[in-house]
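These notes concern the structure reproduced below.
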Amino acid sequence: MSKRPVNPKDLAPPIGFAHGWVVEHGPARTLYLAGQCGYDAAGAVEKKGDLVGQLDKALANIGSILRDAGMTFADVVQLNFYVTSRDDYATARKEFGGVWRRHCGKHFPGMAMFQVVSLFDPEALIEVQGVAAT
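In this note's numbering, each residue's number is its place in the sequence shown (first place is 1) plus 821.
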């Protein structure tokens, strides 16, 4: 078995964590994705106050990690969504669907959504974390 961190150059450099870890065991590969918010390449939240815009950027960041690991969204088997407002999510469900289709098409992994009091960055409204496998 081997393990390696995945830290794409187009994402903000991680401090005290890795954006992802690939674990290889024979031909099987599993990618553990660190939580991704709507951060730009400098590590600042884009689209402040815009839940849908932050989801779009978080999924784009996950796409970058997947590509760097030699995977795609079709390999994602589980995602957790952490939101600071369940009500804002419920209001934006239709727009979420459009963002989802743009990044993931019709692939739907196991998913869960949690409302949290806050995220590490107070400007972040959503964080997405998960697992991909081949």
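Backbone N, C-alpha and C fix where the C-beta goes; we use that ideal spot for every residue, glycine too.
On the CB-based measure, 16 or more other CB atoms within 10 Å of its CB, does residue i come out buried or exposed?
i	result
His846	exposed
Phe902	buried
Ala933	exposed
Ser885	buried
Gly931	exposed
Lys869	exposed
Lys878	buried
Gly864	exposed
Met892	buried
Ile836	exposed
Val938	exposed
Contact check, residue i vs residue j under 8 Å by CB: the rounded distance?
i	j	result
Glu948	Gly841	About 14 Å separates the two Cβ atoms, so there is no contact after all.
Val920	Leu876	5 Å
Asp909	Cys858	The pair is not a contact, with the Cβ atoms about 15 Å apart (cut-off 8 Å).
Ala913	Val873	5 Å
Ala954	Val898	5 Å
Glu944	Val866	4 Å
Leu900	Ala862	Their Cβ separation, rounded to whole angstroms, is 23 Å, which puts Leu900 and Ala862 out of contact at 8 Å.
His928	Ala895	5 Å
Arg907	Gln936	4 Å
Strictly by DSSP, which residues pair up with residue i?
i	result
Glu845	Ser823 and Arg850
Gly951	Leu854 and Leu900
Any beta strand (DSSP E) of 3 or more consecutive residues that is wholly inside the segment 870–943: For the segment 870–943, whole beta strand (DSSP E) runs of length 3 or above, ordered along the chain, are 897–904 and 931–936.
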